[in-house]
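Colleague: Can you read through this structure? Questions will come right after.
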């Protein structure tokens, strides 16, 4: 996958799922696929409702889902020529499952797609999550997951007393891995790097199964149109398999069909 292909797939995914996705903010910025007003805000664990509200207010997302306001962040970094992927962060944050009906209605009325590009989420000032939501874990947090592609990591050499960049290896920190809310110390190995179309497909299939059934599957759970899913997997990210995938349970990203 090259950078122009990544941008094209974002456009295609938005069109394919136009009934579910809204508020596109994704852009190409030099050698990155990112979003408008990008800030490096990636949470590790115990993400709170107010954290995600801040992301929405500052438009730190590539898309939103129309049904519940959940946000998707798709970030790819390429080399200077835009031909080789050097890093990626692909995230999904679902928040509104913890709100009651009145709170859902209040947030649903907010439209942050204004003509001047400024969010109208300041209407949420009257809604203080820290006061109105229980402090129990699972009630004042959100559900989220993130796939990181980090082929190189920065470490500190005790012998040389300086920072070094080394290759990500091993079962506990494979170069592509999955973070899931509630498991702060876990990095689940992922064999492959999802393209934008593959990542959106993952989210809808496993986070919105009823929608996926409606648009993709027959009553037996099989694909209605194989050409559609073939198109999703037509362009892939080249990925060198590590030996760990022969020894450890992992998640496999589809290759070309």
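In my numbering, the protein residues as written are 9 to 265. By construction, the Cβ of each residue, glycine as well, lies at the ideal position given by its N, Cα and C atoms. All figures in this text were calculated on a predicted structure; none of them were measured in a lab.
Please work out which residues of its chain come closer than 6 Å, Cβ to Cβ, to residue 22, disregarding the five sequence neighbours upstream and downstream, and give them in chain order.
Modeller: 29 and 32
Colleague: Short of 6 Å in beta carbon distance, which residues of its chain neighbour residue 134, apart from the five on each side in sequence? Order them along the chain.
Modeller: Residue confidence for residue 134 is low, a pLDDT of 44 falling below 50, so the modelled location carries little weight; the figure read from the coordinates is stated next. Taken in chain order, the list of residues that qualify is empty.
Colleague: Run through DSSP, which three-state label would residue 60 get?
Modeller: Under the three-state reduction of DSSP, residue 60 is assigned to helix.
Colleague: Mark residue 198 as exposed unless 16 or more other C-beta atoms lie within 10 angstroms of its C-beta, in which case mark it buried.
Modeller: buried
Colleague: Buried or exposed: which applies to residue 190, given that a residue is buried once 16 or more other Cβ atoms fall within 10 Å of its Cβ?
Modeller: exposed
Colleague: Am I right that residue 34 and residue 79 are in contact with their C-beta atoms under 8 Å? What's the rounded C-beta distance?
Modeller: No, residue 34 and residue 79 are not in contact; Cβ-Cβ is about 12 Å, not under 8 Å.
Colleague: In three-state DSSP terms, what is residue 264?
Modeller: coil
Colleague: May I have a chain-ordered list of the beta strand (DSSP E) segments no shorter than 3 residues that lie completely inside the stretch 10 to 45?
Modeller: Here the runs fully enclosed are 34 to 37 and 40 to 43.
Colleague: Please state whether DSSP places residue 79 in a helix, a strand or coil.
Modeller: strand
Colleague: Any idea if residue 156 is buried or exposed, counting beta-carbon neighbours within 10 angstroms, 16 or more meaning buried?
Modeller: buried
Colleague: Only counting the same chain, and skipping five residues up and downstream in sequence, which positions put a Cβ closer than 7 Å to that of residue 91?
Modeller: 10
Colleague: The beta strand (DSSP E) with residue 71 in it runs from where to where?
Modeller: 71 to 73
Colleague: Does residue 181 pass the burial test, meaning 16 or more other C-beta atoms within 10 Å, or should it be called exposed?
Modeller: exposed
Colleague: Less than 8 Å separating the beta-carbons of residue 223 and residue 150?
Modeller: no
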